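Final position of the sequence shown in this note's numbering is 151; the numbers increase by one with none missing.
See below for the structure under consideration.
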Amino acid sequence: MNLNIRWTAALAASAVLLAAPPAFAGSCPAGQGVANLLQGAPTAPLKVTDNVVGSVDLQKEINVDNRDLRLRRLVVQPGGIVPLHSHAGRPALITVVSGSIIEYRSTCAVGIVHKAGDVAMESDGISHWWKNTGKVPAVLLSADVKARD
Numbered sequence: 003m004n005l006n007i008r009w010t011a012a013l014a015a016s017a018v019l020l021a022a023p024p025a026f027a028g029s030c031p032a033g034q035g036v037a038n039l040l041q042g043a044p045t046a047p048l049k050v051t052d053n054v055v056g057s058v059d060l061q062k063e064i065n066v067d068n069r070d071l072r073l074r075r076l077v078v079q080p081g082g083i084v085p086l087h088s089h090a091g092r093p094a095l096i097t098v099v100s101g102s103i104i105e106y107r108s109t110c111a112v113g114i115v116h117k118a119g120d121v122a123m124e125s126d127g128i129s130h131w132w133k134n135t136g137k138v139p140a141v142l143l144s145a146d147v148k149a150r151d
């Protein structure tokens, strides 16, 4: 294959990837949007690793004091739990890289299934927790804005 054909194929593949919008998930099914107190929700992590891949000091970048934009990689093993937490003042986008996972959210009466390729938006002070009920690890990338400790 000559260089021009390879270049054209690579350019076409890139255009397809860039043009495809992400699949936004995290929407509560119709008729299930209610206040959910999440009573009895787990408060401790189980079978999950959470590693910071990188972070950006937002003071230096856009003059926002005491906040970082960070990217984390979470691996939730089968039966694993990301415990109850809030997103008050901490917006985030979660991409499911592989596997699937169920989110239990303070604004929904039922669990929300997130599959590979889905993007979930976390904002507006929601509280939620996640559980991997599948047979394979769920790998997530989480980009969030967090106050420095």
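Note that beta-carbon positions come from the ideal geometry of N, C-alpha and C, so glycine has one too.
Predicted model only: the values in this text are computed from it and were never measured.
Residue interval of the beta strand (DSSP E) (run including residue i)
i, result
"Q79", "69–88"
"A145", "140–149"
"L95", "94–100"
"A122", "120–124"
"S129", "129–133"
Contact set for residue i: own chain, Cβ-Cβ below 8 Å, skip 5 residues either direction
i, result
"S125", "H89, P93, A94"
"Q61", "D67, N68, R69"
"T109", "C30, G35, V36, A37, N38, I128"
Close Cβ partners of residue i (< 6 Å) along its chain, the five nearest in sequence each way excluded
i, result
"G82", "L48, K49, V50, N134"
Where the alpha helix (DSSP H) through residue i begins and ends
i, result
"L60", "60–64"
Sequence-distant residues of its chain with Cβ nearer than 7 Å to residue i (five each side left out)
i, result
"A46", "P85"
Cβ neighbour criterion (16 or more within 10 Å) applied to residue i
i, result
"S144", "buried"
"V138", "exposed"
Bridge-paired residues (DSSP) for residue i
i, result
"G56", "L73"
"K117", "S102"
"L48", "I83"
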